[in-house]
Amino acid sequence: MGSRIKQNPETTFEVYAEVTHSGISCIGKDPEVRRQFPEGYSDQEVLQTLTKFCFPFYVDSHAVNQVGQNFTFVLTDIDSKQRFGFCRLSSGAKSCFCILSYLPWFEVFYKLLNVLADYSAKGQDSQRSELLETFHKLTIPEPGTSVHLGVHSYFTVPDTRELPSIPENRNLTEYFVAVDVNNMLHLYASMLYERRILICCSKLSTLTACIHGSAAMLYPMFWQHVYIPVLPPHLLDYCCAPMPYLIGIHLSLMEKVRSMALEDVVILNVDTNTLETPFDDLQSLPNDVVSALKNRLKKVSTTTGDGVARAFLKAQAAFFGSYRNALKIEPGEPITFCEEAFVSHRSAVMRQFLQNAIQLQLFKQFIDGRLDLLNSGEGFSDVFEEEINAGEYAGSDKLYHQWLSTVRKGSGAILNTVKTKANPAMKTVYKFAKDHAKMGIKEVKNRLKQKDIAENGCSAAPEESLPRTAPSPLGEKKDPKLREERRPITVHFGQVRPPRPHVVKRPKSNIGVEGRRTSVPSPEQ
Numbered sequence: 001m002g003s004r005i006k007q008n009p010e011t012t013f014e015v016y017a018e019v020t021h022s023g024i025s026c027i028g029k030d031p032e033v034r035r036q037f038p039e040g041y042s043d044q045e046v047l048q049t050l051t052k053f054c055f056p057f058y059v060d061s062h063a064v065n066q067v068g069q070n071f072t073f074v075l076t077d078i079d080s081k082q083r084f085g086f087c088r089l090s091s092g093a094k095s096c097f098c099i100l101s102y103l104p105w106f107e108v109f110y111k112l113l114n115v116l117a118d119y120s121a122k123g124q125d126s127q128r129s130e131l132l133e134t135f136h137k138l139t140i141p142e143p144g145t146s147v148h149l150g151v152h153s154y155f156t157v158p159d160t161r162e163l164p165s166i167p168e169n170r171n172l173t174e175y176f177v178a179v180d181v182n183n184m185l186h187l188y189a190s191m192l193y194e195r196r197i198l199i200c201c202s203k204l205s206t207l208t209a210c211i212h213g214s215a216a217m218l219y220p221m222f223w224q225h226v227y228i229p230v231l232p233p234h235l236l237d238y239c240c241a242p243m244p245y246l247i248g249i250h251l252s253l254m255e256k257v258r259s260m261a262l263e264d265v266v267i268l269n270v271d272t273n274t275l276e277t278p279f280d281d282l283q284s285l286p287n288d289v290v291s292a293l294k295n296r297l298k299k300v301s302t303t304t305g306d307g308v309a310r311a312f313l314k315a316q317a318a319f320f321g322s323y324r325n326a327l328k329i330e331p332g333e334p335i336t337f338c339e340e341a342f343v344s345h346r347s348a349v350m351r352q353f354l355q356n357a358i359q360l361q362l363f364k365q366f367i368d369g370r371l372d373l374l375n376s377g378e379g380f381s382d383v384f385e386e387e388i389n390a391g392e393y394a395g396s397d398k399l400y401h402q403w404l405s406t407v408r409k410g411s412g413a414i415l416n417t418v419k420t421k422a423n424p425a426m427k428t429v430y431k432f433a434k435d436h437a438k439m440g441i442k443e444v445k446n447r448l449k450q451k452d453i454a455e456n457g458c459s460a461a462p463e464e465s466l467p468r469t470a471p472s473p474l475g476e477k478k479d480p481k482l483r484e485e486r487r488p489i490t491v492h493f494g495q496v497r498p499p500r501p502h503v504v505k506r507p508k509s510n511i512g513v514e515g516r517r518t519s520v521p522s523p524e525q
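Residue numbers (the UniProt record's numbering): 1 to 525.
Written as structure tokens, this is what we have:
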């Protein structure tokens, strides 16, 4: 469903490295790997990239303030899956301990890095090696499992299916503490419109936490474009990339970044809690949803537990929860999504927002994932669907629930699909365990079709007029061209910028700590 987290990685981590540099500035001599595990790890390209991301700032006399900080960078592989580089700076910010892993276990790896740094400081090489070997050989346990790696090393496996909580989730906690509600809302709106976004901060730990924390508030959608929680000096040209991005910049690099030819970039300075934007994205969102979200975030009760994450989840449900009304179900055909029906039945203000939203990559990936779940019979069990059921976002989708209920009663055999016209990875064959379940489903489908035609004038689309959504991973395996289109930014950099949804452009403004706006001249067209 658009998530860039790799499912079922082979090991808990790929490589551990202790990286050092001796120069006054990172622009000089490249940092070097002093120690690594496994020792036989041979991907030199990854190691060379890793070393540069370990020191994503200009090293000067102030660098000592970064000592002991945990931060994270992200490398994207050829399949668009994210590898997280968990880091801890030590020794006057001239030494960095780094673990590269596909698992988004922030708290676990930060704790592990602190233990490893302590072993290194005390010269306990055997304890360090034993801990790394035990963890590397560990079969990845189920969420919620308690794991003991040694006398002083234990953790509980996080459940990434749950909403992040404060203070348990470090990223969200730091983000909520560092950025006020008004700027959180402006950043959220800019992400919904898939802008080019820069976040800068003098503390690496806070910087990367704000990137990860803000992106997590898009759930059940996922940022699909360039995603760099912290950008090293040698890659600053990425700030001029002609496509949407979400990039973190250490404050020491911002003077150079501002001298570059930036175009229509949203900039959040976490240190001063100010946001600059040439857009009025927040004002373009439906006011009732924004007001409700703002009120929830300002309640004291949301500052602990999953209150902050749930407030954004409710907003996402208000915006997109009615996608169920736009599902088109035909007997013997794959379930499809009708964009016209999705937009037309909402209020005028919401229709304008949704007309833009259906063009966004994050929405296309979301719908593609939901259709995959429906057509494969996996059903829904995530917190987003639960929020839709608990709220009143979907309008009248009684037939949808009746359809799901009928399918689930079919002795557990929910739509065994292999290939459909809409997706070459499936087949247009539905197999059910019992005849009465099959008849029940057909009856519901026919009734839903008649209802949709009567209310929306939109029946299931033929193959050539189906809404175009982003290719699924299964489709990419069949067609190498689809995979080529999703290769990392290093391949696409410099190509023509993709078209953006139309948004009314207004004078550039500066949003300060209290959300006050001061007009400044518009950028040149």
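The beta carbon of each residue, even a glycine, is placed where N, CA and C say it ideally should be.
For residue i, count the other beta carbons within 10 Å of its own beta carbon; 16 or more makes it buried, fewer makes it exposed. Which is it?
i: residue 387; result: buried
i: residue 132; result: buried
i: residue 154; result: exposed
i: residue 283; result: exposed
i: residue 375; result: buried
i: residue 192; result: buried
i: residue 530; result: With the chain running from 1 to 525 in the structure shown, residue 530 is simply not present.
i: residue 121; result: exposed
i: residue 29; result: exposed
i: residue 281; result: buried
i: residue 370; result: buried
i: residue 10; result: exposed
i: residue 144; result: exposed
i: residue 372; result: buried
i: residue 348; result: exposed
i: residue 127; result: buried
Out of the options, which has the shortest C-alpha to C-alpha gap to residue i?
i: residue 384; options: 353, 366 and 329; result: 366
i: residue 265; options: 227, 246, 197 and 280; result: 197
i: residue 171; options: 104, 376, 329 and 280; result: 104
i: residue 250; options: 215, 207 and 185; result: 207
i: residue 4; options: 184, 109 and 226; result: 226
i: residue 389; options: 127, 363, 293 and 318; result: 318
i: residue 34; options: 21, 115, 350 and 163; result: 21
i: residue 320; options: 31, 351, 117 and 71; result: 351
i: residue 137; options: 38, 164 and 181; result: 38
i: residue 185; options: 340, 289, 13 and 113; result: 289
i: residue 93; options: 230, 299, 231 and 204; result: 204
i: residue 527; options: 107, 372, 112 and 117; result: The first residue shown for the chain is 1 and the last is 525, placing residue 527 beyond what the model contains.
i: residue 71; options: 97, 194 and 46; result: 97
i: residue 260; options: 77, 130 and 238; result: 238
i: residue 117; options: 173, 330, 12 and 68; result: 68
i: residue 315; options: 146, 126, 128 and 218; result: 218
i: residue 32; options: 305, 42 and 50; result: 50
Between the beta-carbon of residue i and the beta-carbon of residue j, is there less than 8 angstroms?
i: residue 271; j: residue 210; result: no
i: residue 275; j: residue 57; result: no
i: residue 240; j: residue 262; result: yes
i: residue 91; j: residue 18; result: no
i: residue 326; j: residue 337; result: yes
i: residue 16; j: residue 36; result: yes
i: residue 245; j: residue 213; result: no
i: residue 6; j: residue 110; result: no
i: residue 100; j: residue 83; result: yes
i: residue 180; j: residue 273; result: yes
i: residue 85; j: residue 55; result: no
i: residue 362; j: residue 243; result: no
i: residue 73; j: residue 233; result: no
Assuming residue i and residue j form a contact by the criterion Cβ under 8 angstroms, report the distance between their Cβ atoms to the nearest whole angstrom.
i: residue 342; j: residue 322; result: 7 angstroms
i: residue 277; j: residue 190; result: 7 angstroms
i: residue 310; j: residue 163; result: 6 angstroms
i: residue 157; j: residue 168; result: About 13 angstroms; that fails the 8 angstroms criterion.
Could you tell me whether any non-hydrogen atom of the ligand ZN is closer than 7 angstroms to the CB of residue i?
i: residue 110; result: No copy of the ligand ZN occurs in the structure displayed, which carries no ligand at all.
If I follow the unbroken alpha helix (DSSP H) through residue i, where does it start and stop?
i: residue 225; result: Run containing residue 225: none; DSSP gives neither H nor E here.
i: residue 357; result: 348-357
i: residue 345; result: Neither: residue 345 is in no alpha helix (DSSP H) and is coded neither H nor E.
i: residue 526; result: The displayed coordinates of the chain run from 1 to 525. Any statement about residue 526 would go beyond what the structure contains.
i: residue 21; result: From DSSP, residue 21 is part of no alpha helix (DSSP H); its letter is neither H nor E.
i: residue 106; result: 106-121
i: residue 129; result: 125-137
For chain C, find out if any of its Cβ atoms is closer than 8 angstroms to the Cβ of residue i; answer yes or no.
i: residue 347; result: Of the chains in the structure shown, none is chain C; there is only one protein chain.
Terminal residues of the continuous beta strand (DSSP E) containing residue i?
i: residue 234; result: Careful: residue 234 lies outside any beta strand (DSSP E) and carries neither H nor E.
i: residue 245; result: 245-250
i: residue 96; result: 95-101
i: residue 275; result: 274-279
i: residue 70; result: 70-76
i: residue 383; result: Premise fails: residue 383 lies in the alpha helix (DSSP H), 383-390, not in any beta strand (DSSP E).
i: residue 87; result: 82-90
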